[in-house]
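Chemist: My structure is below; once you've seen it, I'll send some questions.
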DNA sequence: TATGAATGAGTGTTCATTCAT
DNA sequence: GATGAATGAACACTCATTCAT
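Residue numbers (full-length UniProt numbering), protein chains in the order written: chain A, 1 to 226; chain B, 1 to 226; chain C, 1 to 226; chain D, 1 to 226.
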């Protein structure tokens with residue numbers, strides 16, 4: 001853990017990030033630590049002080065990189081979301097065969113299976129994250145989101161011939177809604193878990209991936225069948 | 001402190017709710033005031049003290065009726081949700097004609113149009129409300145939810161002949177997800193509103209009712225077209 | 001638990017205490033339940049509501065018998081203290097043989113061994129109990145205490161020939177101090193218990209009865225040796 | 001908020017305690033203010049907010065120095081107790097003449113005469129202070145207490161030739177008990193004060209120093225006379 | 001850039017006690 | 001006498017954020 005031999009501090013990070021690459025590295029470090037904490041607990045339970053400590057930095061330093069807690073987590077969401085978009089893009093474009101709805105639905109749902117943090121954060125986007133963030137950051141996020149949606153939307157329209165112009169992005173909007181909605185339904189509180197354990201409660205137990213696949217498949221079939 | 005009824009008292013309710021009906025009335029009063037505050041602001045901004053004050057009661061009195069803030073709001077959600085279920089049920093059953101997917105989608109979406117508080121609360125169900133609530137209350141809620149889902153689900157299966165056995169409740173699960181997801185997407189933070197005002201941001205501006213109608217219609221068509 | 005067959009209530013107590021003996025019985029019942037709760041927990045943890053419930057009475061009823069929580073517990077202390085005085089008196093007077101200091105010390109300490117509640121309450125007498133009590137109750141308590149002290153004090157002076165006039169009560173004052181002081185030292189908080197578990201901490205671990213016996217024996221020998 | 005030193009600031013301490021000595025000074029300041037409030041009222045009446053205000057600090061700042069109210073007061077007790085121990089030690093060692101019981105008793109009792117806060121806090125040690133304190137703080141306190149007891153105990157054994165090995169600390173335990181017990185008996189509640197004003201109540205009126213001297217003298221004589 | 005001491009707004013909940021019935 | 005609904009004062013502690021150094 002000690003990377004500065006001879007120095008008293010136990011800090012892993014460099015003392016001062018002068019170069020842009022150092023700053024970027026430190027930024028990533030903070031995001032990584034925030035993610036680790038968030039994945040293990042919840043937004044409310046993640047303290048800025050803990051993020052700082054885990055990153056080997058002082059509390060105040062975090063605020064040099066992210067002006068608010070919401071800004072930090074919006075940046076984290078941005079990272080996760082657009083990296084997922086990129087991976088989805090790559091995954092989809094690998095396939096030369098013509099796309100089918102069920103295949104697409106499965107692909108999307110599977111690509112989200114391990115992205116619990118992403119989908120959890122997505123569900124807090126408007127309610128929490130965008131509540132205490134600069135217009136600039138919000139704009140940047142929305143612009144990138146728009147761009148990605150238009151890009152993937154165009155891709156969908158190109159490869160799913162039953163999609164009419166403009167329907168690609170719309171599918172993504174509905175996907176977004178399904179993802180955040182199902183994520184919340186699937187993340188059950190301890191009390192509820194106990195209640196849902198009864199066999200007859202089965203209809204209320206939500207399997208995120210299964211339901212997302214099913215709903216998305218049906219949705220696409222609905223578009224195809226017109 | 002008000003001993004001269006009619007002089008300063010603004011409440012019709014008796015000073016002390018001794019009979020069960022009085023207690024029920026007071027309970028409703030508290031729920032109503034909580035709803036009014038919530039509709040105007042947000043969960044976090046509603047203070048138990050304000051609810052009490054608006055109801056003309058002392059702070060401690062609220063806790064005679066609801067053991068925690070979460071319990072109060074879960075009870076509120078319960079009220080709104082099951083009264084909506086009942087209204088939807090009535091609305092649907094009025095129609096003698098055979099149901100169609102688009103008609104159903106429109107009916108459901110329209111019936112939810114004015115239910116902003118309901119859908120906002122629904123989105124907090126697992127994340128917030130069920131976090132600090134007795135197992136009993138949670139169980140009661142889930143049981144009623146299950147019952148309603150099975151009931152409406154059966155209705156769907158009976159009137160939409162393309163639905164296979166067991167698909168009624170599943171449609172409702174997907175509806176639930178869409179509702180909470182779209183609600184969150186539609187409730188835009190002030191900063192975001194500013195950003196979304198740009199014309200080119202149109203694809204990111206969500207009209208709750210329109211999108212819910214569209215998505216649900218498509219979903220049902222997808223089921224019909226098999 | 002139901003002693004009034006046919007009545008809906010589960011109350012063990014009579015509906016109304018009209019006769020003085022009924023009232024006295026109810027009073028004792030309340031004291032007994034308060035004692036049971038106190039012995040198992042602590043003063044702060046005993047709720048008036050719990051006392052009422054255990055006694056099968058309504059919350060408000062307790063206050064018909066004891067105007068304040070402190071009054072209830074002072075009454076309880078009174079009961080325990082003077083019943084102990086009586087028992088001590090009896091025990092001491094049984095012995096025909098001339099008294100000795102060590103024998104007396106042992107007798108007293110042993111008679112207090114099982115009286116944890118009494119000694120715990122005694123330690124709260126001035127700090128807590130007498131803080132919220134009527135002058136009448138306080139006077140009554142002090143008068144009885146004085147009387148008992150004078151009585152037992154006189155007994156001591158009569159049977160321990162080394163005691164000079166007026167020293168009997170004084171011995172009792174010192175006894176009182178030792179009892180409350182040692183009781184507090186012996187009642188160790190959980191954190192402290194952990195700390196005191198270390199072998200080298202032995203000198204700080206207090207055995208109430210042993211220390212009381214030792215101190216009292218020494219004290220009496222000190223008086224005898226003049 | 002005070003940025004013009006000398007204008008409104010009543011404090012000599014720097015705005016920010018950066019050096020260890022500044023921090024220690026601030027810590028002492030808080031302890032002093034807490035002591036002032038406690039001496040004038042009671043533990044329950046001292047509010048952390050008041051301590052902060054008197055120290056010219058924000059509420060939260062107090063918790064940077066003491067994690068809980070109990071921790072603050074245990075630290076205060078620690079200060080008072082060990083400073084008293086030191087003063088007692090000095091006082092006792094000044095005397096070259098061989099010690100006698102009566103002299104020692106008088107010395108101890110007199111040295112405690114002005115230490116009302118110390119003895120009052122001592123009586124709350126196990127009941128209150130150690131209830132909400134870290135194991136570390138508790139251990140530290142007990143270790144110091146043990147050390148002091150062994151030290152003073154050894155001193156006693158060395159200078160009072162009638163003490164057998166191991167009896168020094170035990171005398172201190174009995175002293176501790178007498179001190180806390182007598183302190184509680186001497187601190188009379190307002191109601192009780194009224195009652196005790198009657199001439200015939202004289203035997204119940206406790207003079208802390210007088211009784212402590214008497215009891216301790218007798219106790220030591222008891223040890224001497226074997 | 002980095003630090004970390006200081007800030008201070010923010011609140012749900014308990015429970016002894018009262019009093020209308 | 002009994003009830004139990006209503007009262008309302010009371011309060012330590014957290015943590016995102018700032019800013020002097």
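We treat Cβ as the ideally placed atom computed from N, Cα and C, and that holds for glycine.
1. If you draw a straight line from the C-alpha of residue 68 of chain D to the C-alpha of residue 122 of chain A, how long is it?
2. Indicate whether at least one CB of chain B lies closer than 9 Å to the CB of residue 45 of chain A.
3. What does a CB cutoff of less than 8 Å around residue 71 of chain D pick up in its chain, not counting 5 residues either side in sequence?
4. Following the continuous alpha helix (DSSP H) through residue 190 of chain A, name the residue where it begins and the one where it ends.
5. Along chain B, in chain order, which residues have C-beta atoms closer than 8 Å to that of residue 107 of chain A?
6. Under 8 Å, CB to CB, which of the residues in the stretch 161 to 183 of chain C have a partner in chain D?
7. So residue 26 of chain C contacts chain D; which residues on that side make the cut at Cβ distance below 8 Å?
8. If the cut is a Cβ gap below 9 Å, which residues of chain A does residue 112 of chain B touch?
9. Roughly how many angstroms separate the alpha carbons of residue 147 of chain A and residue 204 of chain B, rounded to a whole number?
10. Here's the rule I'm using: 16 or more other beta-carbon atoms within 10 Å means buried, otherwise exposed. How should residue 126 of chain A be labelled?
11. Pairs of beta-carbons, one from the stretch 99 to 110 of chain A and one from the stretch 211 to 221 of chain A, closer than 8 Å: are there three or more?
12. Residue 66 of chain A and residue 35 of chain A: beta carbons closer than 9 Å?
13. Does the beta-carbon distance from residue 53 of chain D to residue 209 of chain D come in below 9 Å?
14. Would you mind telling me which residues of chain A sit closer than 7 Å to residue 139 of chain B, beta carbon to beta carbon, in chain order?
15. Would you kindly report the start and end of the unbroken alpha helix (DSSP H) that includes residue 226 of chain A?
16. Between residue 143 of chain C and the rest of its own chain, which residues show a CB-CB distance below 7 Å, the 5 nearest in sequence each way excluded?
17. Answer with yes or no whether the minimum CB distance from residue 134 of chain D to chain C is below 9 Å.
18. Does DSSP put residue 66 of chain A in a helix, in a strand, or in coil?
19. Residue 86 of chain C by DSSP, collapsed to three states: which one?
20. At what residues does the alpha helix (DSSP H) containing residue 140 of chain D begin and finish?
21. What residues in the stretch 191 to 220 of chain D bring their beta carbon closer than 8 Å to a beta carbon of chain C?
22. What residues from chain C crowd round residue 116 of chain D, counting only those whose CB sits closer than 8 Å?
23. Check the Cβ of residue 187 of chain D against every Cβ in chain C and list those closer than 9 Å, keeping chain order.
24. For the stretch 176 to 185 of chain D against the stretch 172 to 179 of chain C, do three or more pairs of beta-carbon atoms, one drawn from each stretch, fall closer than 8 Å, so that the two count as touching?
25. CA-CA distance, residue 1 of chain C and residue 28 of chain C?
26. According to DSSP, is residue 42 of chain D part of a helix, a strand, or is it coil?
27. For residue 94 of chain C, does the three-state DSSP call read helix, strand or coil?
28. If you measure from the beta carbon of residue 48 of chain C to each beta carbon in chain D, is any gap under 9 Å?
29. When you compare the CB positions of residue 74 of chain C and residue 129 of chain C, do they come within less than 9 Å of one another, or not?
30. Leaving out five residues on either side along the sequence, give the residues of the same chain with a beta carbon under 7 Å from the beta carbon of residue 154 of chain C.
31. Using DSSP with H/G/I as helix, E/B as strand and the rest coil, what is residue 249 of chain D?
32. With DSSP collapsed to three states, give me the class of residue 17 of chain C.
33. I think residue 91 of chain A touches residue 111 of chain A, with their Cβ atoms under 8 Å apart; what is that distance to the nearest whole Å?
34. Would you tell me roughly how many angstroms separate the C-alpha atoms of residue 206 of chain B and residue 44 of chain C, rounded to the nearest one?
Modeler: Short version:
1. For residue 68 of chain D and residue 122 of chain A, the distance between alpha carbons rounds to 38 Å.
2. Interface with chain B (9 Å Cβ-Cβ cutoff): residue 45 of chain A is excluded.
3. Cβ neighbours of residue 71 of chain D beyond the five flanking positions: 132, 133, 134, 137.
4. That run of the alpha helix (DSSP H) goes 190 to 196.
5. The contact set of residue 107 of chain A on chain B, defined by CB atoms closer than 8 Å, is empty, because the minimum CB distance reaches about 18 Å.
6. For the stretch 161 to 183 of chain C, which is checked against every Cβ of chain D, the residues closer than 8 Å are 169, 170, 173, 174, 176, 177, 178, 179, 180, 181, 182.
7. Those do not exist, as residue 26 of chain C stays about 26 Å from chain D at its closest Cβ, beyond 8 Å.
8. Here the premise fails: no neighbours, minimum Cβ distance about 13 Å.
9. Distance from the CA of residue 147 of chain A to the CA of residue 204 of chain B, rounded to the nearest whole angstrom, comes to 11 Å.
10. So residue 126 of chain A ends up on the buried side.
11. Segments in contact, yes.
12. No, they are not a contact pair.
13. No, the pair does not count as a contact, with Cβ atoms beyond the cut-off.
14. Within chain A, the residues near residue 139 of chain B are 195.
15. Neither: residue 226 of chain A is in no alpha helix (DSSP H) and is coded neither H nor E.
16. There are no such residues.
17. So, interface residue.
18. It is coil, neither helix nor strand.
19. The three-state secondary structure of residue 86 of chain C, taken from DSSP, is helix.
20. Per DSSP, residue 140 of chain D belongs to the alpha helix (DSSP H) from 135 to 159.
21. Listed by position along the chain: 191, 192, 194, 195, 196, 200, 201, 203, 204, 206, 211, 214, 215, 217, 218, 219, 220.
22. Annotation: residue 116 of chain D has no Cβ neighbours in chain C at a cutoff of 8 Å; minimum Cβ distance is about 13 Å.
23. By Cβ distance, chain C contributes 126, 127.
24. In short, these stretches touch, since the Cβ pair count reaches three.
25. Bear in mind that a pLDDT of 35 at residue 1 of chain C, under 50, signals an unreliable position, so the number given afterwards is only what the model happens to contain. Whole-angstrom Cα-Cα distance: 18 Å.
26. Looking at residue 42 of chain D - three-state DSSP - the assignment turns out to be coil, as it is neither helix nor strand.
27. Note: residue 94 of chain C maps to helix in three-state DSSP.
28. Closer than 9 Å: no.
29. Result yes, Cβ atoms of residue 74 of chain C and residue 129 of chain C sit closer than 9 Å.
30. Only 168 meet the Cβ criterion.
31. Given a span of 1 to 226 for chain D in the structure shown, any question on residue 249 of chain D remains unanswerable.
32. Assigned with DSSP and collapsed to three states, residue 17 of chain C falls in coil, not helix or strand.
33. 6 Å between Cβ atoms; contact.
34. Going from the Cα of residue 206 of chain B to the Cα of residue 44 of chain C covers about 55 Å.
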